[in-house]
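With our numbering, the residue at position 58 of the sequence shown is 61, and numbering never jumps.
Just so you know, even glycine gets a beta-carbon here, dropped at the ideal spot from N, CA and C.
Please read these numbers as outputs of a predicted model, since none were measured by experiment.
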Amino acid sequence: MKPAFKGLVTLGLATPLLVILMGSDHKDGPSATADHAADIADLYAWHSTSAGTFTAVVTFAGFGAPGAPAVYDANALYTIHVDRSATTTFDNTPKVDINIRFGKDASGHFGVQVENLPGATAAIKGAVETTLNDGPKRKVFAGLRDDPFFFDLDGFKSTAATGTLHFDNTHDTFAGTNVTAVVVEMDLADITVGGTLPHLQLWATTARKPTAIARTGIAPDPTPTHRPLTLIGSVIATGNTP
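Here you go:
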């Protein structure tokens, strides 16, 4: 699959303050929104030089009503792709694919499995709605969260229709709605290969098996076949590690 890009932003990794990058893809077309579990909403990424960590968050199944449960699908594959370089030139080919899957245990409870997290020696897996620790600077969380995306959608529609700005920075269309989120945290040195590849480009995709395959546990099939469904876009982080 050759992904296309949209929603590019930049960040210098030497910046001493925490800065959040975001790529957004709310309100997709019918083919994506019809598959609620695979419809990516946002991708966030940031780093902390003081803590020496890098964090990425992918959210999906947006516009959840208050009280609605999180959305987990054992037949969907979520991937955070990382392209990294010693310069600001990228070939748009992922050097790391952080794969995320959900599955049920023998009791019918959902769990999450994250593969290829930089620095991890094995897949990180455990219950959803729980912070999973794998070393001092590697963590995984999957669960329901208040949608952090802030946007005046009504103002956008009015602006597009009239040609006059009608944005209200106090009106958040997404206030009170929920998303399912996966958060991965890793050592900054691991994702930048000790600072030798300090320029990062990230994007997220979802894919789905063409046919459902029954299985137990959260361990994935060894060689699953997926077809691409939804592309959120990309987030670029550039700069030098301190």
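Span separating the alpha-carbon of I103 from that of L80:
6 Å
Does the beta-carbon of E121 have 16 or more other beta-carbons within 10 angstroms, so that it is buried, or is it exposed?
A small fix is needed here, since residue 121 is Pro in this sequence, not Glu. With a threshold of 16 other beta carbon atoms within 10 Å, P121 meets it and is buried.
Give the DSSP-derived three-state secondary structure of D157 in the structure shown.
Helix.
Please state whether DSSP places L200 in a helix, a strand or coil.
coil
Can you name the start and end residues of the beta strand (DSSP E) that D100 belongs to?
V99 to K107
Taking DSSP as the reference, what is the three-state secondary structure of A123?
coil
With distances taken from CA atoms, which of A210, I127, N181 and V74 is nearest V143?
Comparing Cα-Cα distances from V143 to each of A210, I127, N181 and V74, the minimum goes to I127.
Evaluate N136 with the Cβ neighbour count: other Cβ atoms within 10 Å of its Cβ, from every protein chain shown; 16 or more gives buried, anything less gives exposed.
exposed
Under the rule that 16 or more other beta-carbon atoms within 10 Å means buried, what is A164, buried or exposed?
exposed
What's the gap between the Cα of T58 and the Cα of T208?
17 Å
The beta strand (DSSP E) enclosing D193, as first and last residue numbers
First-last for D193: L191 to I194, but that is the alpha helix (DSSP H), not the beta strand (DSSP E).
Could you give the residue range of the beta strand (DSSP E) that holds A79?
A79 to S88
For A71, which of helix, strand or coil comes out of DSSP?
DSSP places A71 in coil when its eight states are reduced to three.
Those residues which DSSP pairs with D149 across a bridge:
N181
At the level of alpha carbons, what is the spacing between A40 and G65?
9 Å
Contact defined as beta carbons within less than 8 Å: I believe F63 pairs with T180. What is the distance between those atoms, to the nearest angstrom?
With a Cβ gap of about 13 Å, F63 and T180 do not count as contacting.
Which of helix, strand or coil does DSSP assign to T56?
strand
contact_flag[the segment 38-57, the segment 107-119] where n(CB pairs < 8 Å) is 3 or more:
For the pair of segments examined, the segment 38-57 was found not to touch the segment 107-119: the number of CB pairs separated by less than 8 Å stays below three.
Just tell me which of T90, H84, T91 and S110 has its CA closest to the CA of D100.
For the residues T90, H84, T91 and S110, the minimum Cα distance to D100 belongs to H84.
For T96, the three-state DSSP class (helix, strand or coil)
coil
Helix, strand or coil for T173? Go by DSSP, reduced to three states.
coil
Classify H50 as helix, strand or coil using the three-state DSSP reduction.
DSSP places H50 in strand when its eight states are reduced to three.
Just checking my contact of H50 with L191 at CB under 8 Å: how many whole Å lie between their CB atoms?
6 Å
Is it the case that the Cβ atoms of G111 and A77 are separated by a distance below 8 Å?
no
Across which residues does DSSP place T62 in a beta bridge pair?
D45 and A184
Compare the beta carbon distance of G55 and K140 with 8 Å and say whether it is the shorter of the two.
yes
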